[in-house]
Amino acid sequence: MHTASNGLLPLSMVGTGQKVRLVEISAGTKLRRRLTELGLTPGVELQVMQDQGGPLLLSIYNSRLAVGRGMAHKIMVELITEQPHTNGKTVGDEAAKKMARGFRFLTQLLIVKG
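Count along the sequence shown starting at 1, add 10, and that's the number in our numbering.
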């Protein structure tokens, strides 16, 4: 896996099972807006669950999301190295739970507002 000198790499180059943090989306306004609506925003942590040469299957906010390889190539990420807490949980556990609650609320709000 090759990273740029700034430590970023396209999501399309991340290996299966690897956890990453989204840094930026190098795309036009429409694609950036669509990915934001799906929860892909800078700072979000996600994991590549499946990569068999076609679309990538991602785990984000305890949900699954399929992203085409062309889109994935425009999503710049950094690898996550998690630091364990003294209680055995990782730093990302609590943050992921909080983000998942917020994402569910936002999804419910969008459904209600139509």
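The C-beta atom is built at its ideal place from N, Cα and C for all residues, glycine as well.
As the structure is a prediction and not an experimental result, all values here were calculated from the model.
Enumerate in chain order the residues of its own chain whose CB-to-CB distance from residue i is below 8 angstroms, with the five nearest sequence positions on each side excluded.
i	result
Gly124	With a pLDDT of only 46 at Gly124, under 50, the local geometry of the prediction cannot be trusted, and the value read off the model is given with reservation. Within the same chain, Gly124 has no close Cβ partners at all.
Thr26	Val58, Met59, Gln60, Asp61
Arg74	Met59, Leu67, Leu68
Would a C-beta distance cut-off of 9 angstroms place residue i and residue j closer than the cut-off?
i	j	result
Ala37	Pro65	no
Ile70	Gln57	yes
Given a threshold of 16 other Cβ atoms within 10 Å of its Cβ, counted over all protein chains shown, does residue i qualify as buried or as exposed?
i	result
Gly49	buried
So, for residue i: in the same chain, excluding its five sequence neighbours on each side, which residues have a beta-carbon less than 6 angstroms away from its beta-carbon?
i	result
Arg42	Ile35
Leu21	Ala82, Ile85, Val87
Val24	Val30, Val58
Val54	Leu32
By Cβ distance, which residues of its chain are closer than 7 angstroms to residue i, with the 5 residues on each side in sequence left out?
i	result
Leu89	Gln28, Val30
Residue range of the alpha helix (DSSP H) that residue i falls in?
i	result
Met23	Careful: Met23 lies outside any alpha helix (DSSP H) and carries neither H nor E.
Gly80	79-83
Give, in chain order, every unbroken run of the alpha helix (DSSP H) that is at least 4 residues long and sits entirely within the stretch 28-77.
39-47
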